[in-house]
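I have placed the structure first, in the form of C-alpha cells, so that the comments after it can refer back to it.
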Amino acid sequence: MTIRAAHVGMVLGGFAVGVASTSPMPTEYAFVIVGSRVGTLFTSGVVGAVLGALVAVVVATRLRARLGLAMSAVSGLTLLAIGPVVGSSPFVLYTNGIGVGLLLGGLAGLSGASDRARLQTALAAGVVGGLLLAGPLDQYRHSTAVPRRYADYLPEPPHNTDLLALAFLAVTAIVVMVALQSGDFDASSESSPDRRTRPLVVGLVLPVLGLLLYWQLVRAIDALGTGPAVQDRWILGVALVPVVIAAAVWLENRTGTVLLAATAFIAASEGAQTAWFTDSWLWLLVPAALVALGAALGRVLPQPLFGIAALALVAVSAVFDTAPWDNVYTGAVVLLLPAAAAFTLTASLPSSAPVVTTSLAGPAAFAIPLTADFGWTAYAPLKGGDSALEPSAWDGMSTAAPVVAVVACGLAIAYLQRRPAP
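This is the structure:
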C-alpha cells in the first residue's frame, strides 16, 4: 500500500478538525436573557461545533472543483490559526467554527476521488484521534507549567502564542497543496449533485437538533434554585438516537452506515474526555497508535458490527465508576475506545462526502449527554430530588442508555448492510 501526500494531508487535517472542534471555551461568555439561557444559542462552545458542521456539509455538497475544495481546506486552516495567536474569546469561537467547517468540508470533498475508501479512512482516523486526544493534550500542556493537583485552583495563565499549533497548521496546508499539485486528488467518483439533497437536509437538521437539545439541558440546569429542587435528571438526550437512525435509513443505499457508527461512538464515549489525563507525552502516543491500528483493521475487515460490539463493551464498562474498579472504565477508554471507534467508522466507509462530513462533525456538534444527573451540592453527594426514580434505578438507567443506544445503532447498521453498497 502506497502512502501518498493526500493520505498524510487527510490525517493531519482530520486531527486539526478533531482538536479544534472540542477546544475548551470559557463559560463566562454565556449570558442570560429572561432566564431562558438564550445566550447558549450564540456563545457556548457547542455553537462553534454546530456552526462548523453546517458550514462543512454545505461546502462538501456544493463545491465540486478540486481547486475550490483545496482552497476551502487551506482557508479553514488559516482561520484556525487565529486561536493559537489570540487565545479564547467569543470571536475565536466563530472563527474556529467556520474554520473547522471549511477544512472538514474541503477535505471530505477531496476524498471523493477514485481512491475514496483510503482517503476517507485517513480523514476519519485523523478526526477520531483529534477528538480523543483534545482533552488529554490540553491537560498535558497545563500540567507542564502547573502541577495537576493545583491547576483547578489557580487563575488562567496569560496567553502565549502557540507556535507548535501554528507550525502544525502550516505543515498541514503545505501537504494539502502538494497533494493537489501532484494529482493525488483526481476526478471525483461520486454521484452527481442532484443526488445530494437528502445528505444536505440531514447535515443541516441534525446539528441544529443537537444545539436545541443542549439549550434545553442548559435551561434545565439554570432552573435549579428557582424552587425547592436542588437536583434534577436529564433523559431527553436519548431522543437524538432514533432521529439519527431514521435519518440514516432515509439516506440512499448504505451511505448512512457511517452516521450510525459515529452515533455509536458518541454514545459509548460519554465521559471519555475526563476519564484520564497524563503528565507524559509518551502516553499520548498510545491512543494515537490504537486509532491507527483500528483504522487499518477497518479497511482490511470492513465489518462495522464487530466495532459496535467493542463500543458496547466500552459503554458497559462505565458501570465501574467507583475505586478501585473505576480503572476498568479508564482502561476501556484509553485502550479499547480508540481502536473500536476508528475501526467502526472506517469499516463503514466509503460513503458520500456530505454524509462523511456530518458523521465526523457529529461527535462535537452533538455534545449532549444521553442522560445526566445534575444539581448543586457543596459537601455531600447528590441526594433524592423530585424524580420518582430511586438512585439505584437511575444508576441502572444512566448506564443502560448508552449501551442501548450503541446496540440500536448496531441493529440499524445490520439492516443497512442488506442494501446495495454505495
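Per my numbering, the very first residue in the sequence shown carries number 359; after that it's consecutive. All C-beta atoms, glycine included, are put in the ideal place defined by N, C-alpha and C.
Less than 6 Å between C-beta atoms, sequence neighbours within five positions excluded: which residues of the same chain meet that for residue i?
i            : result
alanine 673  : Ala626, Pro760, Val761 and Val764
alanine 699  : Val486 and Phe623
leucine 718  : Val485
alanine 411  : Pro565, Ala719 and Ala723
tyrosine 387 : Only weak support exists for where tyrosine 387 lies, its pLDDT of 37 falling under 50; the value from the coordinates is given anyway. Excluding residues within five positions, the ones whose Cβ falls inside 6 Å are Thr401 and Pro448.
valine 377   : Gly488 and Ala492
leucine 655  : Phe701
alanine 690  : Val672 and Ser675
valine 444   : Val450
Taking the straight line between their C-alpha atoms, what separation do you get for residue i and residue j?
i              : j              : result
isoleucine 771 : threonine 401  : 35 Å
tryptophan 641 : alanine 605    : 38 Å
tyrosine 773   : serine 381     : 35 Å
serine 469     : valine 416     : 15 Å
alanine 779    : serine 706     : 10 Å
serine 675     : arginine 554   : 39 Å
glutamine 497  : arginine 777   : 44 Å
leucine 451    : glycine 403    : 7 Å
leucine 421    : isoleucine 456 : 16 Å
isoleucine 361 : valine 644     : 22 Å
arginine 657   : leucine 575    : 38 Å
valine 686     : leucine 598    : 28 Å
serine 745     : aspartate 580  : Because serine 745 carries a pLDDT of 46, less than 50, the predicted location of this residue cannot be relied on, and no value is offered for it.
isoleucine 603 : tryptophan 639 : 38 Å
threonine 682  : valine 596     : One point to set straight first is that residue 682 is proline, not threonine, in the sequence displayed. Taking the straight line from one Cα to the other gives about 30 Å.
glutamine 775  : valine 413     : 29 Å
aspartate 684  : leucine 427    : 45 Å
Among the options, which one has its Cα closest to the Cα of residue i?
i              : options                           : result
threonine 729  : Asp684, Phe678, Leu571 and Leu769 : Leu571
leucine 437    : Thr419, Ala418, Leu462 and Leu491 : Leu462
aspartate 679  : Ser756, Ser638, His365 and Phe701 : Ser756
methionine 429 : Leu538, Ala705 and Ala646         : Leu538
alanine 670    : Ala758, Met368, Arg657 and Trp683 : Ala758
threonine 479  : Val432, Thr702 and Pro727         : Thr702
alanine 471    : Phe526, Ala646 and Asp544         : Asp544
glycine 459    : Ile666, Ala492, Val375 and Ala597 : Val375
histidine 365  : Val692, Asp542 and Ala711         : Asp542
leucine 694    : Ser710, Ala378 and Gly665         : Gly665
tryptophan 592 : Ile440, Val602, Ile603 and Arg577 : Arg577
asparagine 454 : Ala407, Leu495 and Ala418         : Ala407
proline 660    : Arg420, Ala439 and Arg476         : Arg476
alanine 766    : Asp580, Leu569, Val601 and Asp684 : Val601
glycine 367    : Met535, Pro682 and Leu569         : Met535
valine 405     : Gln574, Leu569 and Thr688         : Leu569
leucine 311    : Gly457, Leu527 and Asp684         : No information on residue 311 is available, as it lies outside the stretch 359 to 780 that the chain covers here.
alanine 751    : Leu651, Val658, Val677 and Ala414 : Val677
leucine 409    : Val444, Leu567, Val529 and Ser540 : Leu567
threonine 704  : Leu427, Val649 and Thr688         : Val649
Cutting at 7 Å between CB atoms, please list the residues of its own chain near residue i, excluding the five before and the five after it.
i           : result
valine 713  : Pro557, Leu609, Thr613, Gly614, Val616 and Leu617
proline 442 : Thr519, Asp520, Ala523 and Leu524
proline 721 : Leu489, Ala620, Phe623 and Ile624
leucine 663 : Gly768, Ile771 and Ala772
Between which two residues does the alpha helix (DSSP H) harbouring residue i extend?
i             : result
glutamine 574 : 555 to 581
proline 696   : 695 to 705
alanine 625   : 615 to 626
proline 778   : Unbroken run through proline 778: none, as it is neither H nor E.
proline 682   : Where proline 682 is concerned, there is no enclosing alpha helix (DSSP H), given that its DSSP letter is neither H nor E.
glutamine 539 : 521 to 539
Are there any heavy atoms of the ligand GTP lying less than 6 Å away from the beta-carbon of residue i, as far as the coordinates show?
i           : result
glycine 568 : By its list of ligands, the structure shown contains no ligand whatsoever, and the ligand GTP lies outside what it can speak to.
Between residue i and residue j, is the Cβ-Cβ spacing less than 7 Å?
i             : j           : result
alanine 531   : leucine 425 : no
threonine 715 : alanine 466 : yes
proline 483   : alanine 725 : Reading off the sequence, residue 483 comes out as alanine, not proline. Taking 7 Å as the Cβ cut-off, alanine 483 and alanine 725 do not qualify as a contacting pair.
arginine 474  : proline 708 : yes
valine 533    : alanine 646 : no
glutamate 628 : proline 727 : yes
alanine 418   : alanine 711 : yes
glycine 372   : leucine 481 : yes
glycine 464   : alanine 431 : yes
Who are the near neighbours of residue i in its chain, counting only those whose CB is closer than 8 Å to its CB and skipping five residues on each side?
i           : result
alanine 668 : Leu694, Ala697, Ala698, Phe701 and Thr702
leucine 651 : Ala697 and Ala700
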